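Structure record follows, encoded as structure tokens.
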């Protein structure tokens with residue numbers, strides 16, 4: 002699933018995004034707000050598995066042409082039974 006505006010593309014996070022995810026989750030300015038940090042691409046694979054879990058629904062935030070990765074956002078701990086999730 003993709004969502005587009007005039008300037009932004011939201012798309013599912015893909016395995017090929019791992020370098021961008023690592024760059025964000027190893028950046029001291031980002032991780033002080035996120036609560037998770039990684040020191041290698043290998044460690045970042047854990048986060049990619051987490052994104053793929055059906056309890057999460059995360060999107061890559063990209064330029065409309067999908068050439069620049071700006072960040073990510075989404076839903077955590079989705080509970081269909083209780084009809085709730087964490088943003």
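In my numbering, the protein residues as written are 2 to 88. Don't be surprised by glycine CBs; every beta carbon is placed ideally from N, CA and C. Here the structure is a predicted model, which is why all the values come from computation and not from measurement.
Checklist entry - From the DSSP output, which residues share a beta bridge with residue 59? => result Walking along the chain shown from the start, residue 59 turns up at place 58. DSSP, once it has assigned bridges, lists 75 as partnering residue 59.
Checklist entry - Can you tell me whether DSSP reads residue 82 as helix, strand or coil? => result Along the chain shown, one-based indexing puts residue 82 at 81. Looking at residue 82 - three-state DSSP - the assignment turns out to be coil, as it is neither helix nor strand.
Checklist entry - With C-beta atoms as the reference, is residue 8 less than 8 Å away from residue 62? => result Taking the first residue of the chain shown as position 1, residue 8 is located at position 7. Taking the first residue of the chain shown as position 1, residue 62 is located at position 61. No. Outside cutoff.
Checklist entry - Can you check whether the CB of residue 56 is closer than 8 Å to the CB of residue 79? => result Here residue 79 refers to the residue found at position 78 of the chain shown. Here residue 56 refers to the residue found at position 55 of the chain shown. Against a cut-off of 8 Å, the Cβ pair of residue 56 and residue 79 comes out as a contact.
Checklist entry - Does DSSP put residue 39 in a helix, in a strand, or in coil? => result Your numbering for residue 39 matches position 38 in the chain shown. DSSP places residue 39 in coil when its eight states are reduced to three.
Item to check | Integer Cβ distance of residue 70 from residue 18, believed to fall under 8 Å | outcome: By 1-based counting over the chain shown, the position of residue 70 is 69. By 1-based counting over the chain shown, the position of residue 18 is 17. The Cβ separation is near 7 Å, so the contact holds.
Checklist entry - Among 13, 38, 33 and 77, which one has its Cα closest to the Cα of residue 26? => result In the chain shown, the residue the question calls residue 26 occupies position 25. Residue 38 is the option with its Cα nearest to residue 26.
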